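A.B. asks: I'd like to ask some things about the structure below.
Number of protein chains: 2
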Amino acid sequence: MRYEFKRYLQENAEITEEQLKQLEGEIQKRVIEENKILLHSGEVCEHFYYVEEGLLRFYSIDEKGKENILEFAPEKWIVVDRASFYFNEPSEFYIDALEETTVAVLDKEFIDIASEISPQFRKYNERILQNHIRHLQNRINRLIGKSAEERYLHFIERYQDIPNRVPQRMIASYLGITPESLSRIRRELSHN
Amino acid sequence: MRYEFKRYLQENAEITEEQLKQLEGEIQKRVIEENKILLHSGEVCEHFYYVEEGLLRFYSIDEKGKENILEFAPEKWIVVDRASFYFNEPSEFYIDALEETTVAVLDKEFIDIASEISPQFRKYNERILQNHIRHLQNRINRLIGKSAEERYLHFIERYQDIPNRVPQRMIASYLGITPESLSRIRRELSHN
DNA sequence: TTCAATTCTTAACATACATCAATGCGCTTC
DNA sequence: GAAGCGCATTGATGTATGTTAAGAATTGAA
Chain A
261 MRYEFKRYLQ
271 ENAEITEEQL
281 KQLEGEIQKR
291 VIEENKILLH
301 SGEVCEHFYY
311 VEEGLLRFYS
321 IDEKGKENIL
331 EFAPEKWIVV
341 DRASFYFNEP
351 SEFYIDALEE
361 TTVAVLDKEF
371 IDIASEISPQ
381 FRKYNERILQ
391 NHIRHLQNRI
401 NRLIGKSAEE
411 RYLHFIERYQ
421 DIPNRVPQRM
431 IASYLGITPE
441 SLSRIRRELS
451 HN
Chain B
261 MRYEFKRYLQ
271 ENAEITEEQL
281 KQLEGEIQKR
291 VIEENKILLH
301 SGEVCEHFYY
311 VEEGLLRFYS
321 IDEKGKENIL
331 EFAPEKWIVV
341 DRASFYFNEP
351 SEFYIDALEE
361 TTVAVLDKEF
371 IDIASEISPQ
381 FRKYNERILQ
391 NHIRHLQNRI
401 NRLIGKSAEE
411 RYLHFIERYQ
421 DIPNRVPQRM
431 IASYLGITPE
441 SLSRIRRELS
451 HN
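Protein chains in written order, with my numbering: chain A, 261 to 452; chain B, 261 to 452.
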């Protein structure tokens with residue numbers, strides 16, 4: 261099942277066929293091979309990536325070389341380092357593909373034109389921004405208030421398919437713990 | 261020193277004197293006494309609070325009664341539970357005053373009218389949204405990637421005045437650790 | 001199928017952080 | 001000035017999580 265970006269736009273941003281025609285040139289479709297890096301730390305993030313099929317990852321790498329995963333982006337998600345994209349600053353993050361992934365690639369031009377010709381798109385764009393904030397806020401709340409085990413249980417509840425698609429060490433990274441700790445947590449949970 | 265909201269708007273959102281006149285009726289000024297709660301969990305957050313003087317706090321309370329502080333808002337900051345405000349959902353958070361605080365209170369009406377009459381305000385509003393995301397994103401990155409000590413050092417570096425204005429247990433809460441742990445971290449740092 | 005590489009698990013041990021309880025300090029309030 | 005309160009500190013101890021190292025399981029490529 262492919263989640264076509266154009267259909268997604270029609271459904272979520274109420275973009276008309278006609279408006280789509282005007283925007284068509286601004287939407288690039290790309291197939292990203294597994295492990296390909298789309299954004300390197302230090303570069304300015306110039307694109308939104310809408311995932312039609314596959315799985316992207318948004319993460320940082322610290323001084324010791326440890327990866328810290330901020331977000332997984334499966335089908336129908338949009339990934340972008342908004343800070344870098346909006347403020348034109350070098351990003352401190354990476355984006356790569358955990359599977360072969362089909363994306364729609366959007367640039368500033370697209371956002372500007374779409375906002376111009378469609379007030380609905382503008383609203384849609386604000387909605388996903390607000391939604392993003394809600395998401396980050398809740399994530400912080402869990403990180404400062406919940407144990408690793410609780411965070412893990414929440415994760416598998418919320419992202420049911422992700423655990424089947426990524427190595428467990430990446431889930432550990434998302435949760436902010438080591439792979440060994442996650443392995444122990446899982447064992448203890450299975451004993452009950 | 262009082263950071264007047266109107267002057268702030270002129271400087272940051274390029275609002276003109278004339279536009280201010282139109283908006284004046286939508287801006288409420290309030291003095292909040294210390295410990296007063298402005299938003300309770302379960303209520304819909306109907307207001308933005310711009311802090312002219314004083315200090316607000318944005319936090320949750322979990323099942324065990326533990327407070328988890330997501331944000332301190334000193335002078336010139338804006339506090340709002342955007343998720344609740346935008347989506348009209350009951351908030352899961354609280355906002356209260358850690359000092360007697362003078363705020364400008366804004367509601368949806370204000371945001372709508374200001375966006376209508378001033379494209380600059382619209383841009384300004386988007387800019388603070390994007391900035392908020394950058395802020396949350398970096399906070400998550402530190403929570404999953406850094407030790408409590410590193411997070412503490414970052415905190416006092418970034419928010420130099422806050423430590424003098426709030427009890428240490430609240431800084432501990434912001435960092436996601438207990439007051440006792442923070443006390444020990446501070447002792448060890450002072451021994452070097 | 002075999003081999004190599006990666007990932008997961010486990011164990012032993014180390015460290016970071018939490019919990020509980022006691023103390024003392026600085027405030028307020030009477 | 002005494003009593004009470006909230007807060008910070010400290011110590012003893014417990015628990016969660018990290019580290020290191022090894023082996024088992026899984027995967028992928030030849």
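Beta carbons are placed, not taken as given, at the ideal position from N, Cα and C, and that holds for glycine. The model shown is predicted, which means the values in this text are computed figures rather than measured ones.
Taking the beta carbon of A/Met461 as the centre, do at least 16 other beta carbons fall within 10 Å, making it buried, or is it exposed?
C.D. replies: It is not possible to answer for residue 461 of chain A, since the shown part of chain A is limited to 261 through 452.
A.B. asks: Whose Cβ in chain B lies nearer than 7 Å to the Cβ of A/His322?
C.D. replies: On the first sequence, residue 322 of chain A is found 62 positions in, with the first residue counted as 1. Residue identity differs from the one stated: residue 322 of chain A is Asp in this sequence, not His. Per Cβ cutoff of 7 Å: Gly405.
A.B. asks: Can we say the segment 305-319 of chain A touches the segment 359-372 of chain A, given the rule of at least three CB pairs closer than 8 Å?
C.D. replies: Counting Cβ pairs under 8 Å, three or more are found: they touch.
A.B. asks: Measuring CA to CA, which of B/His300, B/Met261 and B/Ala432 is closest to B/Ala408?
C.D. replies: In the second sequence, counting from the first residue as 1, residue 408 of chain B sits at position 148. Cα-wise, what sits closest to B/Ala408 is B/Ala432.
A.B. asks: For B/Val339, tell me which candidate among B/Gln380, B/Ile373, B/Leu389 and B/Pro350 has the shortest Cα-Cα distance.
C.D. replies: Your numbering for residue 339 of chain B matches position 79 in the second sequence. Minimum Cα distance to B/Val339 is reached at B/Leu389.
A.B. asks: Is the beta carbon of B/Leu442 less than 8 Å from the beta carbon of B/Leu449?
C.D. replies: Mapped onto the second sequence, residue 442 of chain B falls at position 182. Mapped onto the second sequence, residue 449 of chain B falls at position 189. Contact: no.
A.B. asks: Excluding the 5 residues preceding and the 5 following B/Asn424 in the sequence, name in chain order all residues of the same chain whose CB lies nearer than 6 Å to its CB.
C.D. replies: Along the second sequence, one-based indexing puts residue 424 of chain B at 164. Once the five neighbours on either side are set aside, B/Asn424 has no close Cβ partner at all.
A.B. asks: Is it true that the CB of B/Asn348 sits closer than 8 Å to the CB of B/Val291?
C.D. replies: As a working mapping, residue 291 of chain B is identified with position 31 in the second sequence. As a working mapping, residue 348 of chain B is identified with position 88 in the second sequence. No, the pair does not count as a contact, with Cβ atoms beyond the cut-off.
A.B. asks: Which bits of chain B does A/Gln390 rub up against, with CB to CB less than 8 Å?
C.D. replies: Your numbering for residue 390 of chain A matches position 130 in the first sequence. Those are Arg342, Ala343, Tyr346, Phe347 and Leu389, listed as they occur along chain B.
A.B. asks: Give me the chain B residues within the contact set of A/Gln380, using Cβ-Cβ distance strictly less than 8 Å, ordered along the chain.
C.D. replies: Here residue 380 of chain A refers to the residue found at position 120 of the first sequence. Residues of chain B passing the Cβ test: none, with the nearest at roughly 16 Å.
A.B. asks: For A/Asn272 and chain B, any beta-carbon pair shorter than 8 Å?
C.D. replies: Here residue 272 of chain A is taken as the residue at index 12 of the first sequence, counted from 1. Not an interface residue.
A.B. asks: When the distance is taken between beta carbons, is B/Lys296 closer than 8 Å to B/Asp222?
C.D. replies: Shown here, chain B extends from 261 to 452; a query on residue 222 of chain B therefore has no answer.
A.B. asks: Could you tell me if B/Glu331 is buried or exposed, where buried requires 16 or more neighbouring beta carbons within 10 angstroms of its beta carbon?
C.D. replies: As a working note, residue 331 of chain B is residue 71 in the second sequence. That one is buried.
A.B. asks: Do A/Ile393 and B/Ala343 have their CB atoms nearer than 8 Å?
C.D. replies: For the purposes of this step, residue 393 of chain A is identified with residue 133 of the first sequence, where counting begins at 1. For the purposes of this step, residue 343 of chain B is identified with residue 83 of the second sequence, where counting begins at 1. In this structure, B/Ala343 lies closer than 8 Å to A/Ile393 by Cβ.
A.B. asks: Answer yes or no: does any C-beta atom of chain B fall closer than 8 Å to that of A/Arg429?
C.D. replies: On the first sequence, residue 429 of chain A is found 169 positions in, with the first residue counted as 1. Cβ-Cβ to chain B under 8 Å: no for A/Arg429.
A.B. asks: Assuming the contact rule is C-beta atoms closer than 8 Å, B/His395 and B/Tyr354 should be a hit. Round their C-beta distance to whole Å, please.
C.D. replies: Along the second sequence, one-based indexing puts residue 395 of chain B at 135. Along the second sequence, one-based indexing puts residue 354 of chain B at 94. Wrong, their Cβ atoms sit about 19 Å apart, outside the cutoff.
A.B. asks: Do B/Ser351 and B/Asp341 have their C-beta atoms closer together than 8 Å?
C.D. replies: In the second sequence, counting from the first residue as 1, residue 351 of chain B sits at position 91. In the second sequence, counting from the first residue as 1, residue 341 of chain B sits at position 81. Yes. Within cutoff.
A.B. asks: Express the C-alpha separation of B/Ile371 and B/Tyr380 in angstroms, rounding to a whole number.
C.D. replies: Stepping through the second sequence from its first residue, residue 380 of chain B is reached at position 120. Stepping through the second sequence from its first residue, residue 371 of chain B is reached at position 111. Looking at the sequence provided, one finds Gln at residue 380 of chain B rather than Tyr. Near 12 Å, if we compare the C-alpha coordinates of B/Ile371 and B/Gln380.
A.B. asks: Thinking just about the alpha-carbon of each residue, which of A/Leu280, A/Tyr268 and A/Ala273 is nearest to the one in A/Asn385?
C.D. replies: As a position in the first sequence, residue 385 of chain A is number 125, starting the count at 1. The residue with the shortest Cα to Cα distance from A/Asn385 is A/Ala273.
A.B. asks: Name, please, each residue of chain A whose Cβ falls closer than 8 Å to the Cβ of B/Ile422.
C.D. replies: The sequence position of residue 422 of chain B within the second sequence is 162, counting from 1. What B/Ile422 touches in chain A: nothing, since even the nearest Cβ is about 16 Å away.
A.B. asks: Measure the C-alpha to C-alpha separation of A/Leu269 and A/Tyr346 and round it to an integer number of angstroms.
C.D. replies: Mapped onto the first sequence, residue 269 of chain A falls at position 9. Mapped onto the first sequence, residue 346 of chain A falls at position 86. Each residue's alpha carbon lies about 21 Å from the other.
A.B. asks: Pick helix, strand or coil for B/Asn398, following the three-state DSSP scheme.
C.D. replies: Position 138 of the second sequence, counting from 1, holds the residue named residue 398 of chain B. B/Asn398: helix per DSSP, three-state reduction.
A.B. asks: Rounded to the nearest angstrom, what separates B/Tyr310 and A/Glu293 at their Cα positions?
C.D. replies: The residue you call residue 310 of chain B lines up with position 50 of the second sequence. The residue you call residue 293 of chain A lines up with position 33 of the first sequence. Taking the straight line from one Cα to the other gives about 47 Å.
A.B. asks: Could you spell out where the beta strand (DSSP E) holding A/Ile297 opens and where it closes?
C.D. replies: Your numbering for residue 297 of chain A matches position 37 in the first sequence. Ile297 to Leu299 is the span of the beta strand (DSSP E), which, as asked, contains A/Ile297.
A.B. asks: Taking the C-alpha atoms as reference points, what is the distance between A/Lys383 and A/Glu376?
C.D. replies: As a working mapping, residue 383 of chain A is identified with position 123 in the first sequence. As a working mapping, residue 376 of chain A is identified with position 116 in the first sequence. Spanning the two alpha carbons is a distance of roughly 11 Å.
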